[in-house]
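Chains as they are written, first to last, in this note's numbering: chain A, 8 to 121; chain B, 696 to 826.
Structure first, then comments.
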Amino acid sequence: MARSAKAVPWFLFAAGGTITAFVLPVMLFVTNIAPPLGLFGEALSWETMYGFVSNWLVKLVLFGIIGFGLWHAAHRLRVCAHDFGIRADTAVAYVVYGLAGIGTLATIWALLSI
Amino acid sequence: MSARKPYVRKMSKTSWFLTHARFKSYMLHEVSSVFVALYMWLLIDGLFRLAKGPEAWEAWLSFIKHPLVVILSLIAFAFFIIHTTSWFKAVPQAMRIQTGEHFVDGKLIVGGHYVALGIFSLFVLILAGVA
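Structure representation (structure tokens):
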């Protein structure tokens, strides 16, 4: 049977697509739409957020959301580039997956320093 | 040299998707990835500032409240809704659940996803409101 490496980006794409579909609308509302409206002021104070993110379970969940989100977006951006007429797929793949890799490591670094 | 002159339909490489409504909606949910990527990096930046201390965190919060960021956030919110609805719409094709001789109706699976989305979103909003 022919072996393909496509299963890896596809797994990340599908898992990330499902996670982001459930999580991102409400998450963006809490972090970006509510603050200008003056909502959830207490919840987003440094003390509350620091305490919340200090929890290991929260760290794991955030790592899951950001990590899978990055790889999901990377795979779609690669397809997007092709759809907008950029045919240098190998170069595009290095850039988008490279950025997702850097982002994943940065997420781990940031979470470990909290 | 070949004498063949095959017909090649003229098609723009950069705006082909504007020719059909189905292609437009496809591109719309593909472009959502730009905003997903931007938001992920905004969150990573937020985590670094949270780790750094209260002042850095306050700077992140005021960045969020900048009018240009607010406008981008609203556009991102619309794209996230497009991502969610288009993703849920495709679920029955990717996930076929068999019970006995029959397959579970796709509408039931999609409906279940929306119920789960509603419960989860409500849970997060209550959590943020109580904290």
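Glycine included, each C-beta is placed from N, C-alpha and C at the ideal position.
This one's a predicted model, so the numbers in the text were calculated from it and none came from an experiment.
Same chain only: Cβ atoms within 8 Å of residue i, ignoring 5 sequence neighbours per side
i, result
"isoleucine 26 (chain A)", "Gly71, Ile72, Phe75, Gly76 and His79"
"tyrosine 57 (chain A)", "Ile121"
"phenylalanine 47 (chain A)", "Val37 and Ala41"
"phenylalanine 712 (chain B)", "Phe718, Lys719, Tyr721 and Met722"
"leucine 763 (chain B)", "none"
"methionine 790 (chain B)", "Ile804"
C-beta contact flag for residue i and residue j at 9 Å
i, j, result
"proline 32 (chain A)", "phenylalanine 743 (chain B)", "no"
"valine 731 (chain B)", "histidine 778 (chain B)", "yes"
"aspartate 96 (chain A)", "methionine 722 (chain B)", "no"
"valine 30 (chain A)", "phenylalanine 815 (chain B)", "yes"
"glycine 824 (chain B)", "tryptophan 53 (chain A)", "no"
"valine 805 (chain B)", "valine 786 (chain B)", "yes"
"serine 781 (chain B)", "serine 728 (chain B)", "no"
"leucine 745 (chain B)", "asparagine 39 (chain A)", "no"
"isoleucine 739 (chain B)", "alanine 117 (chain A)", "yes"
"glycine 92 (chain A)", "threonine 709 (chain B)", "yes"
"proline 43 (chain A)", "valine 703 (chain B)", "no"
"glycine 801 (chain B)", "glutamine 788 (chain B)", "yes"
Extent of the continuous alpha helix (DSSP H) to which residue i belongs
i, result
"tryptophan 755 (chain B)", "749 to 759"
"leucine 51 (chain A)", "Here leucine 51 (chain A) belongs to no alpha helix (DSSP H), and DSSP marks it neither H nor E."
"aspartate 96 (chain A)", "96 to 119"
"leucine 64 (chain A)", "63 to 90"
"tyrosine 809 (chain B)", "801 to 825"
"leucine 713 (chain B)", "Looking at the DSSP string, leucine 713 (chain B) is not in any alpha helix (DSSP H), and its letter there is neither H nor E."
"threonine 27 (chain A)", "14 to 35"
"proline 43 (chain A)", "41 to 44"
"valine 764 (chain B)", "762 to 789"
Exposure label - residue i; buried when at least 16 CB within 10 Å
i, result
"tryptophan 63 (chain A)", "exposed"
"arginine 85 (chain A)", "buried"
"tyrosine 734 (chain B)", "buried"
"alanine 98 (chain A)", "exposed"
"leucine 51 (chain A)", "buried"
"tryptophan 17 (chain A)", "exposed"
"lysine 66 (chain A)", "buried"
"isoleucine 759 (chain B)", "buried"
"alanine 754 (chain B)", "exposed"
"leucine 817 (chain B)", "exposed"
"tryptophan 752 (chain B)", "buried"
"methionine 34 (chain A)", "buried"
"glycine 108 (chain A)", "exposed"
"glycine 45 (chain A)", "exposed"
"glutamate 725 (chain B)", "buried"
"alanine 12 (chain A)", "exposed"
"alanine 716 (chain B)", "exposed"
"alanine 771 (chain B)", "buried"
Chain-order list of residues whose beta-carbon lies under 6 Å from that of residue i (same chain, five-residue window excluded)
i, result
"valine 103 (chain A)", "Ala81, Leu84 and Arg85"
"glycine 813 (chain B)", "none"
"glycine 1 (chain A)", "Nothing about residue 1 (chain A) can be read from this structure; chain A reaches only from 8 to 121."
"leucine 19 (chain A)", "Trp78"
"lysine 705 (chain B)", "none"
"serine 768 (chain B)", "none"
"glycine 741 (chain B)", "Trp755"
Other residues of its chain near residue i: CB distance less than 7 Å, five sequence neighbours each side excluded
i, result
"tyrosine 809 (chain B)", "Phe783"
"threonine 114 (chain A)", "Phe70, Ile73 and Gly74"
"alanine 100 (chain A)", "Arg85"
Heavy atom of the ligand HEM within 8 Å of residue i beta-carbon
i, result
"threonine 38 (chain A)", "The ligand HEM is absent from the structure shown, which contains no ligands of any kind."
Please list, in chain order, the residues of the region 98 to 120 of chain A that have any C-beta partner in chain B closer than 7 Å.
Gly110, Ala113, Thr114, Ala117, Leu118 and Ser120
Using a beta-carbon distance cut-off of less than 9 Å, what residues from the region 796 to 817 of chain B approach chain A?
His808, Ala811, Leu812, Phe815, Ser816 and Leu817
Selection of the region 783 to 797 of chain B by Cβ proximity to chain A, strictly under 7 Å
Phe783
Near-chain A residues of the region 743 to 762 of chain B (beta-carbon distance less than 8 Å), N- to C-terminal order
Phe743, Leu745, Ala746, Gly748, Pro749, Trp752, Glu753, Leu756, Ile759 and Lys760
Can you give me, in chain order, the residues of the region 15 to 37 of chain A that have a beta carbon less than 8 Å from any beta carbon in chain B?
Ala21, Gly24, Thr25, Thr27, Ala28, Phe29, Val30, Leu31, Pro32, Val33, Met34, Leu35, Phe36 and Val37
Near-chain A residues of the region 720 to 734 of chain B (beta-carbon distance less than 9 Å), N- to C-terminal order:
Tyr721, Met722, His724, Glu725, Val726, Ser727, Ser728, Val729, Phe730, Val731, Ala732, Leu733 and Tyr734
Proximal residues, the region 763 to 777 of chain B versus chain A, C-beta separation under 8 Å
Val764, Val765, Ser768, Leu769, Ala771, Phe772, Phe775 and Ile776
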